[in-house]
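Protein chains in written order, with the working numbering: chain H, 524 to 750; chain Y, 524 to 750; chain C, 524 to 750; chain A, 524 to 750. Glycine residues also receive a C-beta, built at the ideal position from the N, C-alpha and C atoms. Computed from a prediction, not measured in an experiment: that's the story for all the values here. Notes for the one structure printed next.
Protein chains: 4
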Amino acid sequence: MTIDVADLLVYGDGQTSRSSCTMRVRFKPTARDRILDAATSVLADRGYQSANLDAIIALSRTSKGSFYFHFPSKERMVLALVDQLSERLVQKIEQSLEKETRPLHRIAAASDTLLHTFSRQRRLAQTLLFNLVGQGKTMDKKFMPVRDRFATLIQRELDRAVAAGAVPPLDTTLAARMWLGALHEVLLQWLLADRPRPMAAIIPGVRSLLLRSVGVDPAALGVEPAP
Amino acid sequence: MTIDVADLLVYGDGQTSRSSCTMRVRFKPTARDRILDAATSVLADRGYQSANLDAIIALSRTSKGSFYFHFPSKERMVLALVDQLSERLVQKIEQSLEKETRPLHRIAAASDTLLHTFSRQRRLAQTLLFNLVGQGKTMDKKFMPVRDRFATLIQRELDRAVAAGAVPPLDTTLAARMWLGALHEVLLQWLLADRPRPMAAIIPGVRSLLLRSVGVDPAALGVEPAP
Amino acid sequence: MTIDVADLLVYGDGQTSRSSCTMRVRFKPTARDRILDAATSVLADRGYQSANLDAIIALSRTSKGSFYFHFPSKERMVLALVDQLSERLVQKIEQSLEKETRPLHRIAAASDTLLHTFSRQRRLAQTLLFNLVGQGKTMDKKFMPVRDRFATLIQRELDRAVAAGAVPPLDTTLAARMWLGALHEVLLQWLLADRPRPMAAIIPGVRSLLLRSVGVDPAALGVEPAP
Amino acid sequence: MTIDVADLLVYGDGQTSRSSCTMRVRFKPTARDRILDAATSVLADRGYQSANLDAIIALSRTSKGSFYFHFPSKERMVLALVDQLSERLVQKIEQSLEKETRPLHRIAAASDTLLHTFSRQRRLAQTLLFNLVGQGKTMDKKFMPVRDRFATLIQRELDRAVAAGAVPPLDTTLAARMWLGALHEVLLQWLLADRPRPMAAIIPGVRSLLLRSVGVDPAALGVEPAP
DNA sequence: GATGAATGAGTATTCATTCAT
DNA sequence: TATGAATGAATACTCATTCAT
Numbered sequence: 524m525t526i527d528v529a530d531l532l533v534y535g536d537g538q539t540s541r542s543s544c545t546m547r548v549r550f551k552p553t554a555r556d557r558i559l560d561a562a563t564s565v566l567a568d569r570g571y572q573s574a575n576l577d578a579i580i581a582l583s584r585t586s587k588g589s590f591y592f593h594f595p596s597k598e599r600m601v602l603a604l605v606d607q608l609s610e611r612l613v614q615k616i617e618q619s620l621e622k623e624t625r626p627l628h629r630i631a632a633a634s635d636t637l638l639h640t641f642s643r644q645r646r647l648a649q650t651l652l653f654n655l656v657g658q659g660k661t662m663d664k665k666f667m668p669v670r671d672r673f674a675t676l677i678q679r680e681l682d683r684a685v686a687a688g689a690v691p692p693l694d695t696t697l698a699a700r701m702w703l704g705a706l707h708e709v710l711l712q713w714l715l716a717d718r719p720r721p722m723a724a725i726i727p728g729v730r731s732l733l734l735r736s737v738g739v740d741p742a743a744l745g746v747e748p749a750p
Numbered sequence: 524m525t526i527d528v529a530d531l532l533v534y535g536d537g538q539t540s541r542s543s544c545t546m547r548v549r550f551k552p553t554a555r556d557r558i559l560d561a562a563t564s565v566l567a568d569r570g571y572q573s574a575n576l577d578a579i580i581a582l583s584r585t586s587k588g589s590f591y592f593h594f595p596s597k598e599r600m601v602l603a604l605v606d607q608l609s610e611r612l613v614q615k616i617e618q619s620l621e622k623e624t625r626p627l628h629r630i631a632a633a634s635d636t637l638l639h640t641f642s643r644q645r646r647l648a649q650t651l652l653f654n655l656v657g658q659g660k661t662m663d664k665k666f667m668p669v670r671d672r673f674a675t676l677i678q679r680e681l682d683r684a685v686a687a688g689a690v691p692p693l694d695t696t697l698a699a700r701m702w703l704g705a706l707h708e709v710l711l712q713w714l715l716a717d718r719p720r721p722m723a724a725i726i727p728g729v730r731s732l733l734l735r736s737v738g739v740d741p742a743a744l745g746v747e748p749a750p
Numbered sequence: 524m525t526i527d528v529a530d531l532l533v534y535g536d537g538q539t540s541r542s543s544c545t546m547r548v549r550f551k552p553t554a555r556d557r558i559l560d561a562a563t564s565v566l567a568d569r570g571y572q573s574a575n576l577d578a579i580i581a582l583s584r585t586s587k588g589s590f591y592f593h594f595p596s597k598e599r600m601v602l603a604l605v606d607q608l609s610e611r612l613v614q615k616i617e618q619s620l621e622k623e624t625r626p627l628h629r630i631a632a633a634s635d636t637l638l639h640t641f642s643r644q645r646r647l648a649q650t651l652l653f654n655l656v657g658q659g660k661t662m663d664k665k666f667m668p669v670r671d672r673f674a675t676l677i678q679r680e681l682d683r684a685v686a687a688g689a690v691p692p693l694d695t696t697l698a699a700r701m702w703l704g705a706l707h708e709v710l711l712q713w714l715l716a717d718r719p720r721p722m723a724a725i726i727p728g729v730r731s732l733l734l735r736s737v738g739v740d741p742a743a744l745g746v747e748p749a750p
Numbered sequence: 524m525t526i527d528v529a530d531l532l533v534y535g536d537g538q539t540s541r542s543s544c545t546m547r548v549r550f551k552p553t554a555r556d557r558i559l560d561a562a563t564s565v566l567a568d569r570g571y572q573s574a575n576l577d578a579i580i581a582l583s584r585t586s587k588g589s590f591y592f593h594f595p596s597k598e599r600m601v602l603a604l605v606d607q608l609s610e611r612l613v614q615k616i617e618q619s620l621e622k623e624t625r626p627l628h629r630i631a632a633a634s635d636t637l638l639h640t641f642s643r644q645r646r647l648a649q650t651l652l653f654n655l656v657g658q659g660k661t662m663d664k665k666f667m668p669v670r671d672r673f674a675t676l677i678q679r680e681l682d683r684a685v686a687a688g689a690v691p692p693l694d695t696t697l698a699a700r701m702w703l704g705a706l707h708e709v710l711l712q713w714l715l716a717d718r719p720r721p722m723a724a725i726i727p728g729v730r731s732l733l734l735r736s737v738g739v740d741p742a743a744l745g746v747e748p749a750p
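Following this line, the structure appears as structure tokens:
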């Protein structure tokens, strides 16, 4: 019943997506936040269908009624959650790109940050990655927009690099999708592995492959940009 | 009611009647085959969790009892199905590689055939691609071996190409995984698109990207190898 | 926030703002009135059980708390509502009887007015007619008094007619009940019909039957009394 | 778990409506029969909405799964039940009319039998009468056909009587509806009364009123036809 | 080999009611 | 007076699995 400081730190960042970019004092997390947080956990290790409401409600220390007061249905709650999580991830990536102006370094940084962030927050990764496909065509289509955000972000950077002449002309839509798929698979392996190698050891190889795939010599980047 | 020996030979390995386009005498498919065939359809439409036994049984014109005579559980049936389907796909790819000895052409052919085959058999693709992830950690791990087969196949070809000096040395395990992920994503997009472009139009771009990612100039292949 | 005395006078008896078509100064209806008004609509559409508080509260632009300030429970609110509505209807009928002294014309007028009023106010009719039966024995008994009011009114007129010698002696209690049932059924048909005939076209036939049932020749009434 | 003879007698008559007119040996009642029988009880004293499945299932000594094996939904089950019950009642009435050829006696017999049968089987009456209205417009319309059967039966007899010249020409559709409503109300009163008078004492009065309403002198029937 | 009736734990969702503010 | 977040028991329905025939 009492909330410890660690919780507050997590929840402070877990306010509803809409209000999450204002600076704020750390209050007791609302029921809505607790539900979304609990859902992240349960979804992470059970998947969409098996993530039953009872588990989420018990974990969030709320009630059935409270859940349905805040969300109209399980589906909409998950959609909201996935939206919030991907929003946060996209913001993280954007932040890591802010200070970098060189196009090649930007595309490298995007992929690096994505892997890095996911590897640090396994639950987030599992929720976002494991539940966007495989729920039947109808649900899969509903989850598509989330995938699109990441693809669009990558494509934007590729387009800039092409415009800057740093990358030879190519179908950036296709390339972005393939990058996304490749990164997804790498993370999947890493998450499901019993004793995964440290992500830092994997990142350089991934980056090299991705850069080469769009006709860039990985050596051209010079020193490693910090993730 | 009696079992023809020919049946056992032809369908004993679990081939389905409808999707077998090789020449072969057509015997009445056994209940087991009808079940697997029906399951492919239902899984394709609804995903793993929503694919209920009643639908599969109705479609296969068998009965509950018959199902549980042939399979110990739904999970084991799906595992068997996915195994059979991927086995068939791997064989197709192997066939398309048989006549080709040049390492570079072999890796290109592998990716081409994979895309081509899936695009021609949407149900197969949807079953194999959409349902291998997102069912919760436990199920996901069980499905991993299926993914591994394709990855291993690609890796083997990459290893050969490296050994032959056609591809510069690289982490082929990682590369194979990334290829698989990229191909998966391309297919996903294609399958969920409302009006997808013809797959033939997509293949060359994909091939170029993949080859370049392992340091090969796509132009080095010369003429297009038939899929 | 302050309560105007005029409000209490006008709306104190629970008149709803929308359905009051008599001339009267229009003050802001109190929350209680808005709730009863909203309840009439929702009950008319969905019946007793399906008429949920959320809908009523949303429609009345109040709040859960406000509802429970004004009414101790849903059941009591509905009872109050039905009471109020039937009170109003009985008053209407009484009014239409006031100017008429001839016993036969009075019983005819009662039935006419009932049909006429309900047909003009479908929501009122649906609420009062559709929801007084079918809610389980317990609820049905609670709603009985409402039915009784109409039966009693009819019976009183029949008794007068008998006393005046205009109608031969008979079991007026039974007759009144049967009249009520017959009128109820006619309205039910009329309300559920997709394209109902104008009520005015139905009324004469109904009146004839009812009068004949108590041994009166409909022709004895002469000219039509206005409803 | 053991079934007593009384049960068998009841169930023997309670076979699914479609097969109920074949002569048959009395077997153990099927689950379907037990469910319908239990539903009759529960519906009788709780009404449609409050008749919860758990109660019906417990009373029928079956299971959730069994219920949904036999019926696709609660609504459809109730519709089937009401159909079966009204079918049985209509047959009873038809039987009581068979031996009677005189038109006036037939219309009297129809009304008498209806009251008589319902009064002997309170549960049947309550189920059929209490649940046909008051469930919201949608459900009410679905139940309409059941009401229509009785109305049609009455109308048919009235039409015959008119054709035979025993009853003066009149709107028999309207008359039949009004008869139905009047009978419904009489039964309702009788069923909800704490100490109802014997139905036999009520029937003559009802019959007189109904006959007079269509212009027939009740005395014209002579001696009482046995119900 | 095959059938299909039966099981029952599990699932998302509803809704009248309460209560701190 | 009024608000609306919170509660939790109740409800209809699902579905993999069993088993007597």
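What do you reckon, are the CB atoms on residue i and residue j nearer than 8 Å?
i: L703 (chain H); j: I725 (chain H); result: no
i: R584 (chain C); j: G659 (chain A); result: no
i: A562 (chain A); j: A554 (chain A); result: no
i: S642 (chain Y); j: M722 (chain Y); result: yes
i: V605 (chain Y); j: V565 (chain Y); result: no
i: A631 (chain C); j: L706 (chain C); result: no
i: T661 (chain Y); j: A567 (chain Y); result: no
i: G592 (chain Y); j: M600 (chain Y); result: Checking the displayed sequence, the identity of residue 592 (chain Y) turns out to be Phe instead of Gly. Cβ distance not < 8 Å, so F592 (chain Y) and M600 (chain Y) don't count as in contact.
Please confirm if residue i has its CB atom under 8 Å from at least one CB of chain H.
i: L732 (chain Y); result: yes
i: E610 (chain Y); result: no
i: M600 (chain Y); result: no
i: M722 (chain Y); result: no
Quick one: grab the DSSP three-state call for residue i.
i: E623 (chain Y); result: coil
i: S596 (chain C); result: coil
i: K660 (chain H); result: helix
i: A716 (chain H); result: coil
i: L751 (chain H); result: Any answer about residue 751 (chain H) is impossible in this case: the structure gives chain H only from 524 up to 750.
i: P692 (chain Y); result: coil
i: A742 (chain Y); result: helix
i: S642 (chain A); result: helix
Do you know offhand how far residue i's Cα is from residue j's?
i: A728 (chain Y); j: L697 (chain H); result: Checking the sequence, you will find Gly at residue 728 (chain Y) rather than Ala. Spanning the two alpha carbons is a distance of roughly 8 Å.
i: L532 (chain Y); j: L710 (chain H); result: Only weak support is given to the placement of L532 (chain Y): the predicted model assigns it a pLDDT of 27, under 50, and the question is left unresolved by the model.
i: T640 (chain Y); j: S609 (chain H); result: 33 Å
i: R547 (chain Y); j: L638 (chain Y); result: Because the pLDDT at R547 (chain Y) is just 48, under 50, the model does not fix this residue reliably, and the value given afterwards should be weighed accordingly. Rounded to whole angstroms, R547 (chain Y) to L638 (chain Y) spans 26 Å at the Cα level.
i: V737 (chain H); j: L732 (chain Y); result: 6 Å
i: M701 (chain C); j: P741 (chain A); result: 17 Å
i: G588 (chain Y); j: L576 (chain Y); result: 11 Å
Please confirm whether any heavy atom of the ligand COA lies closer than 7 Å to the CB of residue i.
i: S596 (chain A); result: You won't find the ligand COA in this model; it holds no ligand whatsoever.
8 Å is my cut-off, CB to CB: does residue i come that close to chain A?
i: H707 (chain C); result: yes
i: S736 (chain C); result: yes
i: Q572 (chain C); result: yes
i: Q712 (chain C); result: yes
If I'm right that residue i touches residue j with Cβ under 8 Å, what's the distance once you round it to whole angstroms?
i: P626 (chain A); j: R683 (chain A); result: 5 Å
i: I558 (chain Y); j: F590 (chain Y); result: 6 Å
Can you check whether the C-beta of residue i is within less than 8 Å of a C-beta belonging to chain Y?
i: A698 (chain H); result: yes
i: R547 (chain H); result: With a pLDDT of 45 at R547 (chain H), under the threshold of 50, the modelled position of that residue is not reliable, and the figure given next carries that caveat. So no, R547 (chain H) is outside the interface.
i: M667 (chain H); result: yes
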